[in-house]
Every structure is written in structure tokens, then in C-alpha cells.
Amino acid sequence: MEKYTTVSLPHEFHRSLTRFIKKNPHLGYGSVAEFAKEAIRLRLMDAKNEATVISLRRLRDMPYINWNEKWNSFRDVARKKL
Numbered sequence: 001m002e003k004y005t006t007v008s009l010p011h012e013f014h015r016s017l018t019r020f021i022k023k024n025p026h027l028g029y030g031s032v033a034e035f036a037k038e039a040i041r042l043r044l045m046d047a048k049n050e051a052t053v054i055s056l057r058r059l060r061d062m063p064y065i066n067w068n069e070k071w072n073s074f075r076d077v078a079r080k081k082l
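Position 61 (the sequence shown) corresponds to 61 in the numbering used here; numbering is contiguous.
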């Protein structure tokens, strides 16, 4: 059985989300929890992509001795992100 935890939201924000979900049933959210899980999942994907871009920019701007060294560093960063 999967274990769960809670996330605290300000009451007014929770009420606002509840109203939004009830006014928009065509979006398919049955609860604030479903909406929050998807929102967090999507934001996490964005944050991971942003982190990858930042890492690659730093790598691009690093001084390097030779192309092989730079390629190996790039490959190592890319492997960590997969």
C-alpha cells in the first residue's frame, strides 16, 4: 500500500482551488489533492529541465583544456539527468 503525506495550504487558497475545480468539471479534477499532485508533477518536470539547462550553460562556459575533456564532462552531466 502506498504511503501518503499532507501538504498544508492556506485556507483561502484551498477554497479558491475547490471553487475552481467545481466550476470546471470538464478539466477532470475530482479534488484539490488531484489538482495539486498534477501541478506539482508538472512543476517538478519544469524545474528538472531548468536545472539541466543551467548545468549545461555552466559546462559550456567552463574553461577547458581540450575538446575531449569538455565532451566527457558534458556526457557525465547528461547521464546524471537521465
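Yeah, the Cβ is synthetic: ideal placement off N, Cα and C, and Gly gets one too.
Counting C-beta neighbours from all protein chains within 10 Å, is the total for residue i 16 or more, i.e. buried, or is it exposed?
i, result
"R29", "A quick correction: the sequence has Tyr, not Arg, at residue 29. Per the 10 Å Cβ criterion, buried."
Going by DSSP in three states, residue i sits in which element: helix, strand or coil?
i, result
"G31", "Reading off the sequence shown, one finds Ser at residue 31, where the question assumed Gly. Residue state, collapsed to three classes: coil."
"M1", "coil"
"T52", "helix"
Taking Cβ to Cβ, would you say residue i is nearer than 8 Å to residue j?
i, j, result
"V7", "I21", "no"
"S73", "L56", "no"
Cα-Cα, which of the options is closest to residue i?
i, options, result
"I54", "V77, F35, T18, H26", "V77"
"H14", "L27, E2, M1, A36", "A36"
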